[in-house]
Amino acid sequence: MVTTASPQSTRQRPRFRLVLATGAAAASLVMAGAVVPEAQAQPQARAAADDDGKQVLTVAVSQSIDSLSPFLAQRLVSTSIHRLAYDYLTNYDPEDGHTVPGLATEWKPSADKLTWTYTIRDDSKWSDGKQATADDAAWTFNKMMTDPNAATANGSFTANFKKVTAPDPETLVIELKKPQATMTALDVPIVPKHVWEKVGDFSKFNNDKQFPVVGNGPFVITDFKVDQYVKLEPNKTFWRGAPKFDELVFKYYKDGDAAVAALRKGEVSFVQGLTPAQAAALKSAENIKVNDAPGRRFFALATNPGAQSKDGKKFGNGHKALLDPAVRKALFHATDRTTIVDKVFQGHAVAGEGYIPPRFESYFWKPETSQKIAYDPAKAAQILDEAGYKKNGSGKRLGKDGKPLDFRILCHATDPNDKAIGKYLQEWWGELGIGLKVECLDNVSDPWLKGDYDLAFDGWSVNPDPDFVLSIHTCAALPATPKDTGATDNFICDKQFDGLYAQQAAEYDPAKRADLVKQMQSRLYDTGYMNVLAYPNAVEAYRTDQIKSITTMPEAAGNIYGQDGYWSWWSAEPAAADGGSDSGSSLGVAIGAGAAVVLAAALGLFVAMRRRSTAEDRE
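Here the sequence shown stands for residues 628 to 1246, numbered as in our numbering.
Have a look at this one:
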């Protein structure tokens, strides 16, 4: 699972991903006011320059790197770094997310849309000086098609590929088994064949022993220390132009308050995943800009549906009572979304229900009144009573086995939202006579992958094309055996959901596809395995005496961290060396507080959206 909702997660287990915009998508962007930090007496931070005079942009992150291999990485922090180090066939325009050229300059489908031909640019070079060609792309896709380990992170994109060839250095041809709606949104890092063809076991190679790492993106990975930092330098030969900072550092902070303190001191340039209290305090800090924009992720409760693998074997120790739809429905009736938004997120979120956030209007879904599982404790108690879960003399709700109903919920130790909501759930569910143990761990991935949980705080960052975040709930995403790691988020395997997924994946008509995606969300809601509680805002801050301007996505009022693309860090411009106070007023991109963003329905082909976000983010 890519990690729960925490400062930067995409999901809560080792797999977290995000997937972004679709081809020719139009966006209606409304900014409801800019955030203007008030002056506050405090020491002025020095410009972001190291002892050698290099301009260094340091980003504080709270998520561990799961792998630097593009074939394995699924957490948001890892996939964000791969966006910087490798070019993809296509990219997403930062203004509205429509598809734009990447390594491919143009693409064309055959009349039956079963063969796609991409023209590969002739001005992209690997950082070791060799030319990037169509052969590199063909090798990347063929490796994923023939080696299950190489398909760990992004295999859903190539599962429908029939044949991939490179007839010449500038031509890539992909033949499909059936139509595929994500052909202009293949979020797969293209790797250099001459480097990766030497790799033996793709399940064990993490790409983290030899530096610099050869890539063709705007940055080159130059160093990495586990749970300390990842360092990158500009790729001077990048075809779109080199980044403006001399070095980009992702620095790991387990504690969010420590990261904020580092921002105040000028030790880091940027912090994401701010709590409401942190954001409020930073708004009045000198030389610090707070960005509070509509988010692209959801925060949810996930229930263990009975961990299983493709070979039919059950594993894990999930509570059997949660296999009863009545119990799941009762728990959700006893969960107050309004209180969570008002008290925990303090208004920096929108109450959730559907799987796709409202930022992606064409896919956004809400349950009908008759379908809605609203906050109603009395209704929850009635459901449990009628299902045979009675209270004993001491007020404890008993299971069918006569034992008290006591559940566990996985919580990210670094995520204050998990902890705060956990306390509310203990109170609300306790009134039903149900016990809840909140298990806050530094690493929720291990018990999650083993199926050793009852419930978990979950979350994913979503892109305008929802194919990927939907694919993680299909039977095909389950691990091959209990010992393997699949692409599944929560071990859900529902034939009706799978049927709808197959239909939407092959549907090129935007309106018809959107309807199928909404039906999938309706089904997911009805099964009760996922309870989306909120759509958190992207709340982040940066030093204006270190960063003069930076691009948000969408440009009018969007996020900086975790974009679908490399726009933020590639575009970031260093502030004047003297750290003058005017740097904060010369933003190249408007950043709004409370801005409302509405992405209009995609008019063209769609992109696969992936990566989830939370404390242990899964992309």
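Glycine is no exception: its CB is placed at the ideal position from the N, C-alpha and C atoms.
Considering only C-alpha positions, which residue in the set the options is nearest to residue i?
i, options, result
"leucine 1059", "Leu1011, Lys863, Val822 and Lys740", "Leu1011"
"valine 841", "Gln935, Glu1066 and Pro819", "Pro819"
"alanine 957", "Lys940, Gln935, Ala1008 and Tyr713", "Ala1008"
"serine 1267", "Thr732, Lys1110 and Met772", "The structure shown does not extend to residue 1267, since the chain is modelled only from 628 to 1246, so the question has no answer here."
"alanine 765", "Val1096, Asp693, Ala731 and Ala738", "Ala731"
"aspartate 679", "Ala712, Gln807, Asp873 and Asp835", "Asp873"
"aspartate 1042", "Gly979, Gly883, Pro839 and Ser694", "Gly883"
"lysine 999", "Gly1155, Arg867 and Lys871", "Gly1155"
"lysine 789", "Lys881, Pro796, Glu802 and His821", "Glu802"
"serine 776", "Asp1142, Gly1113 and Gln1123", "Looking at the sequence provided, one finds asparagine at residue 776 rather than serine. With distances taken between Cα atoms, asparagine 776 lies closest to Gly1113."
"alanine 1165", "Asp1153, Arg923 and Pro1074", "Arg923"
"lysine 852", "Ala1133, Trp866 and Asp693", "Asp693"
"aspartate 1045", "Ile1061, Gly1057, Asp1069 and Met771", "Asp1069"
"threonine 965", "Cys1038, Asn787, Tyr1162 and Gln837", "Tyr1162"
"proline 1091", "Ile983, Leu703 and Val887", "Ile983"
"alanine 1129", "Ser783, Ala934 and Ser997", "Ser783"
"asparagine 834", "Ala1183, Gly1015, Leu695 and Gly981", "Leu695"
"glycine 939", "Thr1108, Val704, Pro736 and Asn1186", "Thr1108"
Identify every residue that forms a DSSP beta bridge with residue i.
i, result
"leucine 1082", "Thr930 and Ile1036"
"serine 911", "Partner(s): none; serine 911 has no beta bridge."
"threonine 744", "Lys735 and Val800"
"glutamine 899", "Glu1167"
"alanine 1161", "Phe926 and Ala978"
"arginine 1024", "Lys1018"
"alanine 687", "Lys878 and Val898"
"serine 1088", "Arg924"
From which residue to which residue does the alpha helix (DSSP H) around residue i run?
i, result
"valine 1144", "1137 to 1154"
"threonine 767", "761 to 773"
"glutamine 1130", "1122 to 1132"
"tyrosine 1051", "1043 to 1057"
"serine 783", "782 to 785"
"serine 1198", "1194 to 1198"
"aspartate 884", "883 to 892"
"proline 1073", "It is worth fixing the name first, because residue 1073 is aspartate in this sequence and not proline. Per DSSP, aspartate 1073 belongs to the alpha helix (DSSP H) from 1072 to 1077."
"leucine 1068", "Unbroken run through leucine 1068 is the beta strand (DSSP E), 1062 to 1068; no alpha helix (DSSP H)."
"threonine 717", "Where threonine 717 is concerned, there is no enclosing alpha helix (DSSP H), although the beta strand (DSSP E) it sits in stretches over 717 to 719."
"alanine 953", "952 to 960"
At what residues does the beta strand (DSSP E) containing residue i begin and finish?
i, result
"arginine 1170", "1165 to 1170"
"lysine 1006", "Note, lysine 1006: premise wrong, no beta strand (DSSP E); alpha helix (DSSP H) at 1004 to 1013."
"valine 791", "788 to 795"
"phenylalanine 865", "Phenylalanine 865 -> no beta strand (DSSP E), and no H or E assigned at all."
"alanine 978", "976 to 978"
"proline 839", "Proline 839 -> no beta strand (DSSP E), and no H or E assigned at all."
"isoleucine 848", "846 to 852"
"isoleucine 1187", "Taken as a continuous stretch (DSSP letters only), isoleucine 1187 belongs to no beta strand (DSSP E), as it is neither H nor E."
"isoleucine 1174", "1174 to 1176"
"lysine 1030", "Note, lysine 1030: premise wrong, no beta strand (DSSP E); not H, not E."
"leucine 1257", "Residue 1257 cannot be examined here, being either before or after the span of the chain that is shown, 628 to 1246."
"lysine 878", "874 to 879"
Which residues in the same chain as residue i place their Cβ atom closer than 6 Å to its Cβ, once the five residues preceding and following it in sequence are excluded?
i, result
"lysine 858", "Thr849, Asp850 and Val876"
"serine 691", "Asp854"
"tryptophan 1196", "Leu875"
"tyrosine 1002", "Asp963"
"arginine 891", "none"
"proline 870", "Pro845, Pro861 and Trp1197"
"valine 727", "Asn718 and Asp720"
Going by beta carbon distance, what residues of the same chain come within less than 7 Å of residue i, once the five residues before and after it are set aside?
i, result
"proline 903", "Phe972, Gln973 and His975"
"serine 1210", "Interpretation of serine 1210 is limited by its pLDDT of 36, a score under 50 that renders its predicted location unreliable; no figure is taken from the coordinates."
"threonine 1331", "With the chain covering 628 to 1246 only, the question about residue 1331 has no answer from this structure."
"lysine 752", "Gln758, Ala759, Asn843 and Thr864"
"alanine 961", "Pro1004, Ala1007, Trp1055, Trp1056 and Leu1059"
"phenylalanine 959", "Ile1000, Gly1155 and Asn1158"
"tyrosine 856", "Val876, Phe877, Lys878 and Tyr879"
"glutamine 1190", "Met1180"
Within the same chain, show all residues whose beta-carbon is closer than 8 Å to that of residue i, passing over the 5 residues directly before and after it, in chain order.
i, result
"isoleucine 1036", "Leu928, Gly1049, Leu1052, Leu1063, Lys1064, Val1065, Glu1066, Tyr1080, Asp1081, Leu1082, Ala1083 and Phe1084"
"threonine 760", "Ile747, Ala793, Pro796 and Glu797"
"asparagine 769", "Val791"
"arginine 1140", "Ala808, Gln1131, Glu1134 and Phe1233"
"aspartate 762", "Ala793, Pro796 and Lys820"
"leucine 684", "Ala675, Phe872, Glu874, Leu875, Val876, Ser896, Phe897, Gln1173, Ile1174, Trp1196, Ala1199 and Pro1201"
Can you tell me the Cβ-Cβ gap for residue i and residue j, rounded? I've got them flagged as a contact below 8 Å.
i, j, result
"proline 839", "serine 707", "Between serine 707 and proline 839 the Cβ distance is about 18 Å, and since that is not below 8 Å, they are no contact."
"valine 1144", "tyrosine 990", "5 Å"
"glycine 1192", "proline 721", "6 Å"
"alanine 912", "alanine 687", "No, alanine 912 and alanine 687 are not in contact; Cβ-Cβ is about 15 Å, not under 8 Å."
"proline 816", "lysine 740", "With a Cβ gap of about 25 Å, proline 816 and lysine 740 do not count as contacting."
Taking 8 Å as the cut-off, does the CB of residue i come closer than this to any heavy atom belonging to the ligand GTP?
i, result
"proline 921", "This structure does not include the ligand GTP; it has no bound ligands of any sort."
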